[in-house]
Amino acid sequence: MSVERLGSVLSGAWHAGNVTWPLHARPLLQPAWDYLQHNHEATLRSPLFPVLLSVVTYLLLVLFYTALDLLAPTWPGIRRYQIHPERTVTWHNIGATLALTTYNHLLYIFPAAVAQWLWRPPVPLPSEAPSLAAFLLGIAGCTVVFDFQYYLWHLLHHRVSWLYSTFHAIHHQYRQPFSLVTQYLSAWELFSVGLWTTVDPVLLGCHCLTGWAFMIFNVWVSAEDHCGYDFPWALHRLVPFGLWGGVLRHDIHHLHPGTNFAPFFTHWDWLAGTACASTTKTPRAESEEGESGDTSKAGSQRADKGA
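In the numbering used here, the protein residues as written are 336 to 642.
Structure representation (structure tokens):
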């Protein structure tokens, strides 16, 4: 059963069983969907649109966090939320990370997007918007599936030294990450993450609007996990019972690469014994760093100069 079908069933059950607070037969998102179709149909149908949406979302978030990084040294109100207030993000850090991001997008992402645009017909748009239940369930389902996929991928790229040194070590050159480190990646890693973000909504049978919302959510969470700030509105503070990893746990992962592999939730790390909730190294983390950390010592030393 697809997420869309499950959402329709739940909406119907609610409507049938609750006479005091019935749901509207017309989806709550329909007015917004009608507006988008009537005014931006050509853009939405273009195969380039998901790529453009992802890149623009990332650039806006990075611009916001980078502005905070540049203001933090002279603005105590910002610096108080920094995880590493002793760290100063320099223009050299910004230039180095932005250069690799630009290189990957110009050499790999943009040509792939253009090829898709040339070879793939425009995407058909459904006339109806998803129900609110289907929309939220779709984002939640994609988040759970992506979390499992990336946990296995991430763990594998730390445990297999060739994969780590060839593809993933570059991301760990910065032991105290800032927002631009989010996509300071090898092209292979950028493609892998982008593929799952695009394919998972299709596998779950989500509405295209749900898929785009998940894409924005994924980029937002990734940027937040690397931003270096522990704000009161951070997701790990909003999700109860410590179920969400968030920026603090991912910051620990960059300090102790043998821990906290999951991108969103904490349950896989707890079940596999790779969780670390503090900056104190666990015996397992020490062992992991001994196995795979040697391949990144040069990169970590380079990173320490700027971060």
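Even glycine gets a Cβ: it sits at the ideal position worked out from N, Cα and C.
* Trp603 versus Phe481 - alpha carbon distance -> 12 Å
* To do: Classify Gln511 as helix, strand or coil using the three-state DSSP reduction.
  => coil
* Please state if the CB of Gly580 and the CB of Gln511 are separated by a distance shorter than 8 Å. => no
* Asked: Which partner residues does Trp579 have in the DSSP bridge list?
  -> Phe600
* **Integer-rounded CB distance, given that Arg455 should sit under 8 Å from Pro382** => 5 Å
* For Pro486, name the three-state secondary structure that DSSP assigns. => Before going further, note that residue 486 is Tyr rather than Pro in the sequence given. DSSP places Tyr486 in helix when its eight states are reduced to three.
* Going by beta carbon distance, what residues of the same chain come within less than 7 Å of Pro536, once the five residues before and after it are set aside? -> Gly473, Cys477, Thr545, Gly546, Phe549
* Asked: How should Pro357 be labelled, buried or exposed, when 16 other C-beta atoms within 10 angstroms of its C-beta is the threshold for buried?
  -> The predicted position of Pro357 is uncertain, since its pLDDT is 46 and thus under 50; a value taken from the coordinates is nonetheless stated next. Classification of Pro357: exposed, given that the 10 Å Cβ count is below 16.
* Of the choices Tyr499, Leu539, Leu388, Gly577, whose alpha-carbon is the least far from that of Asn553? -> Leu388
* Integer Cβ distance of Ala448 from Val534, believed to fall under 8 Å -> That pair is no contact at about 16 Å.
* Backbone secondary structure at His493 - three-state DSSP -> helix
* **Own chain residues within Cβ distance below 6 Å of Val458, not counting five before or after** => Arg380
* Asked: Pairing CB atoms from the stretch 511–522 with CB atoms from the stretch 432–439, are three or more of them under 8 Å?
  -> yes
* Run through DSSP, which three-state label would Tyr416 get? -> coil
* To do: Could you check the C-alpha separation between Leu606 and Leu538 for me, to the nearest Å?
  => 26 Å
* Asked: Taking Phe600 as the reference, which of Tyr443, His585, Thr392 has the closest Cα?
  -> His585
* Taking Cβ to Cβ, would you say Asp646 is nearer than 8 Å to Ile418? -> This structure does not reach residue 646, given that the chain is present from 336 up to 642, and the question cannot be answered.
* **Buried versus exposed, by CB contacts within 10 Å (16 or more), Thr378** => exposed
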